[in-house]
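Just below is one structure, and these are the notes that go with it.
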Amino acid sequence: MERPYDGIANIDQTSNGYQITIPAKKHMPVIAFLSLWLVAWFIGLNFVGGSFVKDFFNNGNSGLEFDRLFQVIWLIGWTLGGLFVIKTLSWYLIGKEIIVIDREQISIARKNDIFFRNKIFDLREVKNFHIEEEPFEFVFWGRRNDLSLFKNRGTIRFEYGFKTIKFANDMDQAEANYILETLRSSGYLNSANFD
């Protein structure tokens, strides 16, 4: 017989409100694929970067011919792509969403997610809290041609002005309902936040 699912979030009541900590879901096929890609990235960077540096020191700076200019542009693009994959891989391995809510605001932070800045929202302006589970899709050689691997699939959502804010990435709908009900019954969210 299956044991009931305990969920992934830790909900802690603080003196001012609640802190919800949600570890990033470990998508093992994605982690394996990105790890292999990172090895290939490192080999490519060593090969082309080493060739460029060796050529630069042997021939000196004799102008930017087309092949040298192409190498510089390729190295910049390759480095940026690798940094993006390192950021994504570190998020999947050690990332955590930290949501703090009190009577006046809700803040969303992502620990171990490089380049993410903390966001704070005024609860008086927060409307239409709802649950919308978005499936995770990772296709190696399929028809999909988007970056769904990297987008925010937050299960808990609310409207803030003319923008939909998402958090609780990859959380099951039942657990997200439990979190919203806990916040509503505790009084930190009221009916105005759900309209």
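In UniProt numbering, the protein residues as written are 1 to 195.
From the three backbone atoms N, C-alpha and C, an ideal C-beta is built for every residue, glycine too.
If you check the CB distance, G161 and E125 come in under 8 Å. Ranked by Cα distance from Q13, the first of G154, V100, L83 and I86 is V100. Rounded to whole angstroms, the gap between the alpha carbons of V85 and L34 is 7 Å. In the DSSP assignment, I98 falls within the beta strand (DSSP E) that extends over K96 to I101. Residue range V126 to I131 is occupied by the beta strand (DSSP E) that includes N128. Counting C-beta pairs with one atom in each stretch, the stretch 127-134 and the stretch 166-177 have three or more that are closer than 8 Å, which means they touch.
Just measuring C-alpha positions, the residue of T155, D102, V30 and F42 sitting nearest L93 is V30.
Here L189 really is in contact with F129; their C-beta atoms are around 6 Å apart, less than 8 Å.
According to DSSP, P23 shares a beta bridge with K96. Counting of Cβ neighbours within 10 angstroms places F158 among the buried residues, the total reaching 16 or more. For I106, the enclosing beta strand (DSSP E) stretches over residues Q105 to K111.
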